[in-house]
Amino acid sequence: MAASYLAAPRFTAEDEVEERASMTVEEKLAALADLYGNVPVPRSEVLGALDPSDRNDAAADDSGAALPPLPSPWIEETEDLLETSLEKLDRALDEASESGRSDGGDGDGGGENGAHRFGNGRGCGGLGGPGASASADEAYRRATRLCPEIVLSRKHRLLFLRAEYFDAKRAAARLLAYWNGRVDLFGEEYAFGPLTVDSGAFDADMKELAMGYPRLSPLKDESSRAIIAINHSGVKRNTFNRRGMMRACWLVMHRAIEDVIVQQRGIIFLGLGYGQLDQIDRKLDATIWRCIRDVLPCRLVSSQVVVASMSADLIMPNVKFILGRHSRARLREYSGNDPRFLEKLAALGIGAEGLPSEIGGGW
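In structure tokens form, the structure reads like this:
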């Protein structure tokens, strides 16, 4: 088993050094803004984000005036911004349909180039499913006919705009990928209805839901961001249905984004466990991450991983490879043997009362 982990794609220490060196100061400061939210960023961290020459000047200035301001981690929403962005989103979605037809689609399919443009590898791939759509916008267009009260609502569209910081083209790509993923996971019977426990969409997944692999904290962090824990310690490979676990993750994520403040402020991912190799399902983890990164209408602002020290060197390079550049810059990892890791999380505004009891938290 260890050999398979070593053979899987890894993001090495050398890769980290190279990537850090390639990041601009603006990228580093934006990552710090996401990590800390409303909490003041330590001076030492801001200095570490600067170019060497600027760092020396700023370090010599005890007043702090030489430190650059951090970007706001969220966008101030006005009615004009919302209306203008919704119009841009509608145009981007129209362009997707036109692209599909002009590339050889029949109006219900979408050509290869159109799918590539708006799909671009975005999806919950890897699980397979009879409900998966053949083109980038097919499932979305079916949804406009079968559940217009959901897909055409202002509320639904704003989910995707907020997830993409009001970039309409990226929001359109995410929305199209979302409906493809939704049909893939839930099939024709449930995809076009409400995704709630009472709807029957999760009747086959009670075992996976009971495992508590994804859990939403009842409390937010100091910046009003949701905390979702992914707990590997309670599961083992081959004891659950992957598609059922994916649906459980979708349910938890949808519960989180029912809160408009969470849509605006974002979600913190808390990875727990990784103590034994049979608790890790790389395929499931990678597929969930692709959904969060490219499909689900959520804004992930940071990942906090508490890992057993004995497995950190083996597993974390695989985890970092899956995350991608943007999320790696917003990753903090802790050893479960570190007596100060709760204190370190608190420094980011993530108090113990909002953390699971397995790591000394309040729920």
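Read in my numbering, the sequence shown has 212 at position 200, and its numbers run on one by one without any break.
C-beta atoms are modelled at their ideal positions from N, C-alpha and C, and glycine is treated no differently.
Please report the residue range of the beta strand (DSSP E) in which residue i lies.
i, result
"Glu201", "It is not in any beta strand (DSSP E) - Glu201 instead sits in the alpha helix (DSSP H) that spans Ala180 to Ala203."
"Gly60", "Gly60 -> not in any beta strand (DSSP E); alpha helix (DSSP H) instead, spanning Arg55 to Ala61."
"Glu345", "Leu343 to Ser347"
Between which two residues does the alpha helix (DSSP H) containing residue i stretch?
i, result
"Ser314", "Run containing Ser314: none in the alpha helix (DSSP H); it sits in the beta strand (DSSP E), Leu312 to Val319."
"Phe172", "Arg166 to Ala175"
"Cys159", "No alpha helix (DSSP H) holds Cys159; DSSP gives it neither H nor E."
"Trp375", "Unbroken run through Trp375: none, as it is neither H nor E."
"Ser147", "Here Ser147 belongs to no alpha helix (DSSP H), and DSSP marks it neither H nor E."
"Trp262", "Arg254 to Ala268"
"Phe353", "Phe353 to Ala359"
"Ser34", "Ala25 to Ser34"
"Val37", "Val37 to Tyr48"
"Glu88", "Neither: Glu88 is in no alpha helix (DSSP H) and is coded neither H nor E."
"Met402", "Nothing can be reported for residue 402: it is not among the residues displayed for the chain, which extend from 13 to 375."
"Arg340", "Arg337 to Arg340"
So who's on the other strand from residue i, going by DSSP bridges?
i, result
"Gly285", "Val319"
"Asn243", "Leu284"
"Leu228", "Ile240"
"Ile300", "Answer is none; Ile300 lacks a bridge partner."
"Ile327", "Answer by DSSP bridge pairing: none, since Ile327 is not bridged."
"Ile279", "Ala238 and Leu312"
Would you mind working out which of the options sits nearest residue i, comparing C-alpha positions?
i, options, result
"Arg174", "Glu88, Val247, Phe204 and Ser229", "Glu88"
"Val318", "Leu263, Ala298, Asn243 and Asn330", "Asn243"
"Leu335", "Ala298, Asp46 and Ala324", "Ala298"
"Phe178", "Ser347, Ala104, Glu200 and Asp63", "Ala104"
"Gly283", "Asp215, Ala184 and Ile327", "Ile327"
"Ser111", "Leu41, Glu176, Ala185 and Thr96", "Ala185"
"Glu270", "Ile292, Ala155, Asn250 and Arg311", "Arg311"
"Lys181", "Asp217, Val209, Pro52 and Asp306", "Asp306"
"Asn349", "Ala324, Arg294 and Ala358", "Ala324"
"Arg277", "Leu357, Tyr190, Val29 and Leu171", "Leu171"
"Ala25", "Ile371, Arg340 and Leu263", "Arg340"
"Ile292", "Arg254, Leu263 and Phe281", "Arg254"
"Asn250", "Arg294, Ala241 and Ala268", "Arg294"
"Ala238", "Phe281, Val209 and Leu263", "Phe281"
"Glu201", "Ala155, Arg169 and Arg227", "Ala155"
"Leu101", "Cys303, Ser165, Ser56 and Leu41", "Ser165"
"Leu47", "His338, Asp66 and Pro351", "His338"
"Leu263", "Ser65, Val53 and Val209", "Val209"
Taking 7 Å as the limit between beta carbons, can you name the residues of its chain near residue i, skipping five residues before and five after?
i, result
"Met257", "Glu220, Tyr225 and Leu296"
"His266", "Leu207"
"Leu188", "Ala108, Phe130, Ala148, Asp149 and Tyr152"
"Glu57", "Leu44"
Can you have a look at residue i and say buried or exposed, based on whether 16 or more other CB atoms are within 10 angstroms of its CB?
i, result
"Val313", "buried"
"Pro329", "buried"
"Pro80", "exposed"
"Leu360", "buried"
"Pro83", "exposed"
"Val37", "exposed"
"Lys332", "buried"
"Ser211", "exposed"
"Val163", "buried"
"Asn50", "exposed"
"Ser34", "exposed"
"Met13", "Note that Met13 has pLDDT 49, beneath the 50 cutoff, so the model's placement of it is unreliable and the number below is only indicative. That one is exposed."
"Ala19", "exposed"
"Arg227", "buried"
"Glu176", "buried"
"Gly285", "buried"
"Leu41", "buried"
Taking 6 Å as the limit between beta carbons, can you name the residues of its chain near residue i, skipping five residues before and five after?
i, result
"Ser109", "Asp149"
"Ile362", "Asp233"
"Leu343", "Ser315"
"Arg194", "Ala203"
"Asp120", "Residue placement at Asp120 cannot be trusted, given a pLDDT of 35 that sits under 50; the coordinates are not used to answer."
"Ile273", "Ser236"
"Ala45", "Leu82, Pro83 and Pro85"
"Leu308", "Met265"
"Pro21", "Phe333"
"Ile300", "Cys261"
"Gly373", "Ala364 and Leu367"
"Trp191", "Ala151, Tyr152 and Ala155"
Ordered along the chain, which non-local residues of its own chain (more than five positions away) have a Cβ less than 8 Å from that of residue i?
i, result
"Leu375", "It should be noted that the sequence gives Trp, not Leu, for residue 375. Excluding residues within five positions, the ones whose Cβ falls inside 8 Å are Ser229, Pro230, Leu231, Glu365, Gly366, Leu367, Pro368 and Ser369."
"Asp63", "Val37"
"Pro142", "Annotation note: pLDDT 42 at Pro142 (below 50); position unreliable, no value reported."
"Cys159", "Phe204 and Gly205"
"Arg259", "Leu197, Phe198, Ala213, Phe214, Asp217 and Glu220"
"Val346", "Looking at the sequence itself, residue 346 is Tyr, so the reference to Val does not match. If we look at Tyr346 and ignore the five residues flanking it on each side, its Cβ neighbours are Gln316, Val317, Val318, Val319, Phe353, Lys356 and Leu357."
"Leu93", "Ile87 and Phe178"
Counting only C-beta atoms, is residue i closer than 8 Å to chain C at any point?
i, result
"Glu370", "The structure shown contains no chain C, having only a single protein chain."
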